[in-house]
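Q: Okay, here's the structure, questions in a sec.
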Amino acid sequence: MVALHNLKALRFGYSQSSRIVASITQRFLSGDPKPSHFPLQVQILCRHFTSEISETQPNVAVNYLINSCGLSPKDAISASKRVKLRSLERADSVLACLRNHGISQTRITSVIKHRSELLQADLEKTVLPQLEFFRSIGVSREDLATTLSYNPRLLITNLENRIVPTYDFLRSLLSAKHVASVFKAGSWIFVEGHSKKVAPNIEVLRESGMPQSCICHLLAHYPCTFMLKPEELGELVDEVMKMGFNLEKTSSVKAIRALCGRSKLKCNRNREVYRRWGWSEDVALSAFRKNPLCMIHSEKKIMKAMHDHVESL
Numbered sequence: 026m027v028a029l030h031n032l033k034a035l036r037f038g039y040s041q042s043s044r045i046v047a048s049i050t051q052r053f054l055s056g057d058p059k060p061s062h063f064p065l066q067v068q069i070l071c072r073h074f075t076s077e078i079s080e081t082q083p084n085v086a087v088n089y090l091i092n093s094c095g096l097s098p099k100d101a102i103s104a105s106k107r108v109k110l111r112s113l114e115r116a117d118s119v120l121a122c123l124r125n126h127g128i129s130q131t132r133i134t135s136v137i138k139h140r141s142e143l144l145q146a147d148l149e150k151t152v153l154p155q156l157e158f159f160r161s162i163g164v165s166r167e168d169l170a171t172t173l174s175y176n177p178r179l180l181i182t183n184l185e186n187r188i189v190p191t192y193d194f195l196r197s198l199l200s201a202k203h204v205a206s207v208f209k210a211g212s213w214i215f216v217e218g219h220s221k222k223v224a225p226n227i228e229v230l231r232e233s234g235m236p237q238s239c240i241c242h243l244l245a246h247y248p249c250t251f252m253l254k255p256e257e258l259g260e261l262v263d264e265v266m267k268m269g270f271n272l273e274k275t276s277s278v279k280a281i282r283a284l285c286g287r288s289k290l291k292c293n294r295n296r297e298v299y300r301r302w303g304w305s306e307d308v309a310l311s312a313f314r315k316n317p318l319c320m321i322h323s324e325k326k327i328m329k330a331m332h333d334h335v336e337s338l
């Protein structure tokens, strides 16, 4: 391990030789293509320092992730593999920026755990512009903090080429308030962009006969539906139509929501719950047509409602 006084000399340049080594070491670290310009002895010394610094680097990163970011030792070791802390000042600035935007330490820990590379991000080019943009479009501090804790990729997604065009696309369909809601419930759209799934899925719905008002309702209130691949959404729309839903009515929007992703698993489980109360398939389907969301309530809520209904008879 490099002695403490050697590290200080390398970092702050207390002597002329230290400044030379520091300068050359920096070139080695950054991949200078012409290190041969320097004397052989200096090159050897530089390689020595560079090697020892790289060996101690993981320890520096792990300690910082534990002490400044709140990660557990296990998570810190894992996260340290994705970041090289060349500047603790930059890392401190990123953490301070997150705190200044109302993000709690617990959520900062979650963000850094999954995206430790943020600690070396250019604050003025990535993190800060993203935070300011999301606040400017009406996302509350609480919603922003919550969303970033489970989707920190938003902070390293290109603002100009991805986030802003996606916002403009959504804004052409929805009110500013509803776009902010999409961010809260479907933030992945801003990471992936609208052209990969959202726009193609809108075309699927249009070609199936769903009016623009219902499409916008689905996008505003159930953006998770647009996580499906276009062919998967097409199959889901066909299923809803076979069940007797009219795509021109908002009940079809709720049916699509109820049969989408994990909700469909819950829907299938709840059919068994209703069967225990004597419902046939036809009765269950009739109830689903009247109120599709009745099939995705919790089992506890369904049992209580059925019990209360029986008690009232």
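Mapping of the sequence shown onto our numbering: residues 26 to 338, in sequence order.
In this text, a Cβ means the ideal position worked out from N, Cα and C, and glycines have one as well.
1) CB C239 to CB T275, shorter than 8 angstroms?
2) Determine the direct distance from the alpha carbon of N88 to that of L113, and round the result to whole angstroms.
3) Which full runs of the alpha helix (DSSP H) of 4+ residues lie inside the region 187-265, going along the chain?
4) In its own chain, which residues sit with a C-beta less than 6 angstroms from the C-beta of Y247, not counting the 5 before and 5 after it?
5) Spatial neighbours of F194 within its chain, please: C-beta separation below 6 angstroms, excluding the five flanking residues on both sides.
6) Would you identify the three-state DSSP class for D147, choosing helix, strand or coil?
7) With H, G and I counted as helix, E and B as strand and the rest as coil, what does DSSP make of R115?
8) Are there three or more Cβ pairs, one per stretch, closer than 8 angstroms when the region 243-258 is compared with the region 295-313?
9) Does the Cβ-Cβ distance between G95 and Q145 come in under 8 angstroms?
10) Which class does E167 belong to by DSSP, given the choice of helix, strand or coil?
11) Apart from the five residues on each side of it in sequence, which residues of its chain come closer than 7 angstroms, Cβ to Cβ, to S61?
12) When we look at the beta-carbon of A330 and count the other beta-carbons within 10 Å, is it buried (16 or more) or exposed?
13) Please list the terminal residues of the continuous alpha helix (DSSP H) segment that includes L153.
A: By the coordinates alone:
1) Within the sequence shown, the letter at position 214 stands for residue 239. Within the sequence shown, the letter at position 250 stands for residue 275. Judged by beta-carbon spacing, T275 lies within the 8 angstroms limit of C239, meaning their Cβ atoms are closer than that value.
2) Walking along the sequence shown from the start, residue 113 turns up at place 88. Walking along the sequence shown from the start, residue 88 turns up at place 63. The alpha-carbon of L113 is positioned some 12 angstroms away from that of N88.
3) Secondary structure in the region 187-265: the alpha helix (DSSP H) runs of 4 residues or longer, each lying completely within the stretch, are 189-196, 201-210, 213-217, 223-232 and 237-246 in chain order.
4) Indexing the sequence shown from 1 puts residue 247 at position 222. The answer, listed in chain order, is R282.
5) Taking the sequence shown and counting its residues from 1, the one referred to as residue 194 is at position 169. Here the set comprises H219.
6) As a first step, residue 147 is located in the sequence shown; it is residue number 122 there, counting from the start. In this structure, D147 counts as coil in the three-state DSSP scheme.
7) By one-based count along the sequence shown, residue 115 stands at place 90. Secondary structure at R115: helix, using DSSP grouped into helix, strand and coil.
8) The answer is no - the region 295-313 does not touch the region 243-258, with fewer than three Cβ pairs under 8 angstroms.
9) Looking up residue 95 in the sequence shown gives position 70. Looking up residue 145 in the sequence shown gives position 120. No; because the gap between Cβ atoms is not below 8 angstroms, this pair is not in contact.
10) The count along the sequence shown starts at 1 and reaches residue 167 at position 142. Three-state result, E167: helix.
11) Taking the sequence shown and counting its residues from 1, one reaches residue 61 at position 36. Note that S61 has pLDDT 48, beneath the 50 cutoff, so the model's placement of it is unreliable and the number below is only indicative. By the criterion of a C-beta distance shorter than 7 angstroms, S61 is surrounded by no residue of its chain, once the five residues flanking it on both sides are discounted.
12) Here residue 330 refers to the residue found at position 305 when the sequence shown is read from its first residue. Answer is exposed; the Cβ neighbour count stays below 16.
13) Locating residue 153 in the sequence shown gives position 128, where the first residue counts as 1. Where L153 is concerned, the enclosing alpha helix (DSSP H) starts and stops at V152 to S161.
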